[in-house]
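Structure record follows, encoded as structure tokens.
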Amino acid sequence: MSALPRIGAKLAAGERLDGDDGLALFMEPDLLALGQLANAERERRHGDRTFFNVNMRYEATNVCEASCSFCAFAKLEEGAPGAHTATHEEAWKALAEHPDPKLTELHMVNGLHPGLPFEWYEQLLSGWKRVRPEVHLKCFTGVEIHYFAEKFGMSHTEVLTRLRAAGLDSMPGGGAEILHPDVRGRISNDKADGEQYLAAHGAAHRLGMKTNCTMLYGHIETFEHRVDHLLRLRAQQEETGGFQCFIPLAFHNENNSLQKLPEPTAVDDLRTIAVSRLMLDNIDHIKAYWVSMGIDTAQMALRFGADDLDGTIVGESIYHSAGSTVPMGLTRDALVRLIREAGRIPVERDTEYGIVEELPRAARPEAAMKVRERNAEKKSLNVLSTGAAS
Ligand code: SF4
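Residue numbers (our numbering): 1133 to 1522.
Pasting the structure below:
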């Protein structure tokens, strides 16, 4: 028998869902009914408003001494085929010459490079602030912050205080993978463990910084592990309160050691978005990251609990190394169109969900779009497509 009526009643009474509820939601066979429950919660919080931003991705180095089995991005050492570490000048130029004058965010994650001194990262940030001081720097995962702390003999708070002084504004959510030690020990056993990841975020929150959080799903974990993961994030949020957004990240299986595993399906993507919305009652935003789940599924997820599509991006290479075939970037107009087509109101935000511009909803039902217009839109979706996306 479906648990949805019982869980719906709990939600209506304002009661918090527990681990058993979370598991029942993951096992619920009626995807549309589950989506409806999550959508009601999404609309209660945000109505039709759907957030996106104008951002860029940057990976300063893919050299990494860790060996996560799902990772197709990292190269073990400098000089290995495909290894790359940008110079400061290259990194600063990438931001200075970014063509979009409306750019509000630079999102950077890196490998755990064994040879770069801490000052290298401070100089990187301060140079970016010099060339475009208005751009928000959302950089370094909790795993990277923990790596710096261990390597350079500082606490998380000391690392973050120095990076903030150099220009760091907030942290992305990457590196959470699956927090449960039974899974984490098998897929990422030589980097920050789950508690250390959460401690790095907690330290950031206590300094007044906002961060995001993630979950890499669809590989060797079970639904129980996913529920455990969500409960750990929820508990951290109760304690330190700085998570703005949760981003479920779908596992991709190319060019890594988990190639034999199938990737999660669209049904799993939508289910995970919906359960996350219902379980993470103390995190405001759930993101359908279009690079991870694909544009079509991300658009549908806006009716399954997600209220954010991420941004224009341009330059992502972590998912593209693992076989993602989505474009390397979307135009702002394309994001607006995707949101409108889903019957929602596009809201351009900055990194901390300040409103840059709220746009009107579509003037007419998008289902009535002419074939000619749809084809024109498809072209605009791919206008920034290069490399692996082609
Ligand atoms: S996921 Fe991150 S820490 Fe793990 S190998 Fe890849 S770059 Fe390194």
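Note that CB positions come from ideal geometry on N, CA and C, so glycine has one too. What you are looking at is a predicted structure, and each value in this text was computed from that prediction instead of being measured.
{"query": "Pocket of the ligand SF4 defined by Cβ to heavy atom distance under 5 Å", "result": "1196, 1198, 1200, 1203, 1206, 1243 and 1323"}
{"query": "Per-residue burial, residue 1326 [other beta carbons within 10 Å of its own, 16 or more giving buried]", "result": "buried"}
{"query": "Contact between the region 1407 to 1414 and the region 1165 to 1180 (3+ Cβ pairs under 8 Å)", "result": "yes"}
{"query": "Closest residue to residue 1208 among 1263, 1198 and 1319 (Cα-Cα distance)", "result": "1198"}
{"query": "Residue 1477, enclosing beta strand (DSSP E) - first and last residue", "result": "1477 to 1481"}
{"query": "Residues near residue 1283 by beta carbon distance below 6 Å, same chain, minus five either side", "result": "none"}
{"query": "Cβ-based burial, residue 1494 [other Cβ within 10 Å; buried from 16]", "result": "buried"}
{"query": "Contact under 7 Å by Cβ, residue 1438 with residue 1466", "result": "no"}
{"query": "In DSSP terms, what residue 1382 is bridged to", "result": "1349"}
{"query": "CB of residue 1387 within 7 Å of CB of residue 1302, strictly", "result": "no"}
{"query": "Residue 1501 in three-state terms, based on DSSP", "result": "For residue 1501, the pLDDT reaches just 48, beneath the cut-off of 50, and the residue's location in the model is therefore unreliable, although a value from the coordinates is still provided. Three-state DSSP puts residue 1501 in coil, outside helix and strand."}
{"query": "Buried versus exposed, by CB contacts within 10 Å (16 or more), residue 1425", "result": "buried"}
{"query": "For residue 1440, three-class secondary structure by DSSP", "result": "strand"}
{"query": "Residues near residue 1335 in its chain [Cβ-Cβ closer than 7 Å; skip 5 each side]", "result": "1288, 1289 and 1292"}
{"query": "Contact under 7 Å by Cβ, residue 1273 with residue 1247", "result": "no"}
{"query": "Alpha helix (DSSP H) segment containing residue 1171, residue limits", "result": "1163 to 1178"}
{"query": "Within 7 Å, strictly: CB atoms of residue 1244 and residue 1279", "result": "yes"}
{"query": "Cβ-Cβ distance between residue 1347 and residue 1380 below 7 Å", "result": "yes"}
{"query": "According to DSSP, residues forming a beta bridge with residue 1190", "result": "1240"}
{"query": "Exposure label - residue 1234; buried when at least 16 CB within 10 Å", "result": "exposed"}
{"query": "Inter-stretch contact (C-beta, 8 Å, three-pair minimum) for the region 1261 to 1273 and the region 1212 to 1220", "result": "no"}
{"query": "Whether residue 1184 touches residue 1486 by CB criterion (7 Å)", "result": "no"}
{"query": "Span separating the alpha-carbon of residue 1201 from that of residue 1275", "result": "16 Å"}
{"query": "Straight-line Cα distance separating residue 1373 from residue 1154", "result": "21 Å"}
{"query": "3 or more residues per run - each beta strand (DSSP E) lying fully within the region 1316 to 1364", "result": "1343 to 1349"}
{"query": "For residue 1157 and residue 1166, believed in contact at Cβ under 8 Å, the rounded distance", "result": "6 Å"}
{"query": "CA-to-CA distance, residue 1139 to residue 1499, given in whole angstroms", "result": "Low confidence applies here, because residue 1499 scores a pLDDT of 47, under 50, leaving its location unreliable; read the following figure in that light. Distance between the alpha carbons of residue 1499 and residue 1139: 33 Å."}
{"query": "7 Å Cβ cutoff met for residue 1186 and residue 1152", "result": "no"}
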